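Engineer: Pasting a structure below so you can have a look.
Chains as they are written, first to last, in our numbering: chain A, 41 to 154; chain B, 16 to 129.
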């Protein structure tokens, strides 16, 4: 069964600190993995995309890693800001159908305190 | 900034009423999706479309229906709303490309049925 598991479920950190969010997946055949940021009451917005051959990709203070062998990904946030408070969702796409089905994790709810 | 729009953003309606949630995109994407998301939970696919006159049911059973008469428009209709339909509904669109295809999300419609 294709699944995406994220940890931790929620996380509280102080402003300026770093944090790492985890994503494990069983989706096969794998196409790509995206990390989305979803602010409360809004739609998800893509942060990074990782394809099978990529190990690390950065987008400003966000750095995503992918280990396709162990089917694990992480999202590292550096020097957190109050505006980073949101749900971070790991989304894996398969290439087994023309739809390119998206599989969503439940997200990690990050709260940054001043 | 994604060019995909949902209206209304918030809707409170009585049981038994018919409602239509609107979704429009100006990116010319052929694939469009409707997701349902309860607080703190993952997104569940309820409907998708490959293009005009193509609609399919998603993974999560839903009493709603959709239509795709125009490429840019993908409305979702509930003939008789019930309290169990209370949820957030997210519309998304994507192109028909291979690995790396990104789904763009609307802001969502938060529906409350009383």
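Where is the CB? At the ideal position from N, CA and C, for every residue including glycine. In this text the structure is predicted, and so the values were computed from the model without any measurement.
1) Can you pull the chain A neighbours of residue 118(B), defined as C-beta to C-beta under 7 Å?
2) Rounded to a whole number of angstroms, what is the C-alpha to C-alpha distance between residue 154(A) and residue 61(A)?
3) Hey, residue 89(B) and residue 109(B): beta-carbon distance below 8 Å or not?
4) Using DSSP with H/G/I as helix, E/B as strand and the rest coil, what is residue 58(B)?
5) Could you say which of 49(A), 54(A) and 63(A) lies nearest to residue 143(A) if we only look at CA atoms?
6) What three-state label does DSSP hand residue 116(A) in the structure shown?
7) For residue 107(A), does the three-state DSSP call read helix, strand or coil?
8) Listed from N- to C-terminal order along the chain, which residues in the segment 86-101 of chain B have their beta-carbon within a distance smaller than 9 Å of any beta-carbon of chain A?
9) Listed in chain order, which residues of the segment 49-66 of chain A have Cβ atoms closer than 7 Å to some Cβ of chain B?
10) Could I get the ranges of all uninterrupted beta strand (DSSP E) runs contained in the segment 66-124 of chain B, with 3 residues as the minimum, in chain order?
11) Between 98(B), 82(B), 58(B) and 19(B), which has its C-alpha nearest residue 229(A)'s C-alpha?
12) Leaving aside the five residues before and after residue 72(A) along the sequence, list all residues of the same chain whose C-beta is less than 6 Å from its C-beta, in chain order.
Structural biologist: Quick answer:
1) Here residue 118(B) refers to the residue found at position 103 when the second chain is read from its first residue. Simply 142.
2) Within the first chain, numbered from 1, the residue matching residue 154(A) stands at position 114. Within the first chain, numbered from 1, the residue matching residue 61(A) stands at position 21. Those two C-alpha atoms are separated by around 20 Å.
3) As a first step, residue 89(B) is located in the second chain; it is residue number 74 there, counting from the start. As a first step, residue 109(B) is located in the second chain; it is residue number 94 there, counting from the start. Result no, Cβ atoms of residue 89(B) and residue 109(B) do not sit closer than 8 Å.
4) Taking the first residue of the second chain as position 1, residue 58(B) is located at position 43. In the structure shown, residue 58(B) sits in coil (DSSP, three-state: anything other than H, G, I, E or B).
5) If you number the first chain from 1, residue 143(A) lands on position 103. Looking at the Cα atoms, 63(A) is the closest of the given residues.
6) On the first chain, position 76 is the one that residue 116(A) refers to. Reduced to three states, the DSSP call for residue 116(A) is strand.
7) In the first chain, the residue the question calls residue 107(A) occupies position 67. Here residue 107(A) sits in strand by DSSP.
8) none
9) none
10) 69-72, 91-93 and 102-109
11) Because chain A is modelled from 41 through 154, residue 229(A) falls outside the range shown and cannot be assessed.
12) Your numbering for residue 72(A) matches position 32 in the first chain. Once the five neighbours on either side are set aside, the close Cβ partners of residue 72(A) are 89, 91 and 133.
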